[in-house]
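Below is one structure, written out as structure tokens; comments come after it.
There are 2 protein chains.
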Amino acid sequence: MNNDKTIESMSDLLKIVGDKTRLKMLAFLKQGERCVCEFVDLFDLSQPAISQHLKKMRAAGLINERKQGTWVYYRLNDQLPSYVTEIIQALPLLETKTCDCQATGLSIPLETLK
Amino acid sequence: MNNDKTIESMSDLLKIVGDKTRLKMLAFLKQGERCVCEFVDLFDLSQPAISQHLKKMRAAGLINERKQGTWVYYRLNDQLPSYVTEIIQALPLLETKTCDCQATGLSIPLETLK
DNA sequence: CACTTATATAATAGTATAATTATATTAGTT
DNA sequence: AACTAATATAATTATACTATTATATAAGTG
Chain A
1 MNNDKTIESM
11 SDLLKIVGDK
21 TRLKMLAFLK
31 QGERCVCEFV
41 DLFDLSQPAI
51 SQHLKKMRAA
61 GLINERKQGT
71 WVYYRLNDQL
81 PSYVTEIIQA
91 LPLLETKTCD
101 CQATGLSIPL
111 ETLK
Chain C
115 MNNDKTIESM
125 SDLLKIVGDK
135 TRLKMLAFLK
145 QGERCVCEFV
155 DLFDLSQPAI
165 SQHLKKMRAA
175 GLINERKQGT
185 WVYYRLNDQL
195 PSYVTEIIQA
205 LPLLETKTCD
215 CQATGLSIPL
225 ETLK
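Those sequence lines, one after another, are chains A and C. Just so it is clear: in the first sequence, position 15 is 15 by our numbering, and no numbers are missing. Just so it is clear: in the second sequence, position 26 is 140 by our numbering, and no numbers are missing.
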């Protein structure tokens, strides 16, 4: 086995995790699944910026997505290296602001209930 | 307490840890104290680059230094956040090449023994 | 089908990070 | 004191990252 390759892959993953915005996203995801629109509401960033952060975390295997209609929900991957799990555990729990798409507590669009 | 500040400080620390070269340095330091000259030998990088990486890790509180004559030895700080300890534990053990300044196994310059 | 909403992608500009070369500092040696 | 070796700092360049604006896609609705 190649040690340098291990270190490089750890570096790649830690660089993804180490960004302030992405850490905050991970902190929110500790509480469960969240839709993209919630991040757009919660962060003082443009929607494309949010989308690109989520893409990077998805590509790194940190999060998984679930699509429901136009909405996309992300959740933490439950198979993460222990050192990543430890980082996420160390993150503070953040206050939840409820987004329209979660107002029902059902995590699905209201329209689908009509 | 301010959650954003916690996240920001975690981000700052993870950015320091997440660099490939610095991760490799931390992997070497798992085996114990090392002098700067060893890093200069072991890495395919200029001496100033090594020095700057060590400075950042020192400033972040990841490592401690001990000066002995012209030589400077660094070791892991033994009081690190658990999530950092976990990262270091996950690093592979790297082969040790012995440097002149460690040839005695005493970690001190030969000249001081004269 | 035109319109709206949610999300993603592309192009680009701004900022941060790490590398190099050059130079300074500090300790030890002759 | 001059010389060498080890390390640090400064200045600069190159590269990588993140944010923005503009645009595309895809689903849902009237």
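Heads up, the beta-carbon is just placed ideally off N, CA and C, and yes, glycines get one too.
Cβ neighbours of residue i in the same chain (closer than 7 Å, five flanking residues each side left out)
| i | result |
| --- | --- |
| C/P206 | A141 |
| A/I87 | V17 |
For residue i, three-class secondary structure by DSSP
| i | result |
| --- | --- |
| C/N116 | coil |
| C/L194 | coil |
| A/F39 | helix |
| A/A90 | helix |
| C/L176 | coil |
Own chain partners of residue i with C-beta closer than 6 Å, once the 5 adjacent residues on each side are dropped
| i | result |
| --- | --- |
| A/N64 | R75, N77 |
Alpha-carbon to alpha-carbon, residue j and residue i
| i | j | result |
| --- | --- | --- |
| C/P162 | C/L168 | 10 Å |
| A/M1 | C/L208 | 12 Å |
| C/D155 | C/K134 | 17 Å |
| A/R22 | A/K15 | 10 Å |
| C/E147 | A/T70 | 55 Å |
Which listed residue (the options) has its alpha carbon closest to that of residue i
| i | options | result |
| --- | --- | --- |
| C/V186 | C/F157, C/G175, C/F153, C/I201 | C/F153 |
| C/G132 | A/L42, A/I7, A/A59 | A/I7 |
| C/C149 | C/E209, C/E200, C/Q182 | C/Q182 |
Neighbourhood of residue i by C-beta, 8 Å cutoff - its chain only, sequence neighbours within 5 removed
| i | result |
| --- | --- |
| A/R58 | N64, E65, Y74 |
| A/T96 | F28, Q31 |
| C/V198 | L127, V131, L176 |
| A/V50 | Checking the sequence shown, residue 50 of chain A turns out to be Ile, not Val. Cβ neighbours of A/I50 beyond the five flanking positions: V36, F39, V40, F43. |
Strand pairing of residue i, partner residues [DSSP]
| i | result |
| --- | --- |
| C/K181 | C/V186 |
| C/R148 | C/Y188 |
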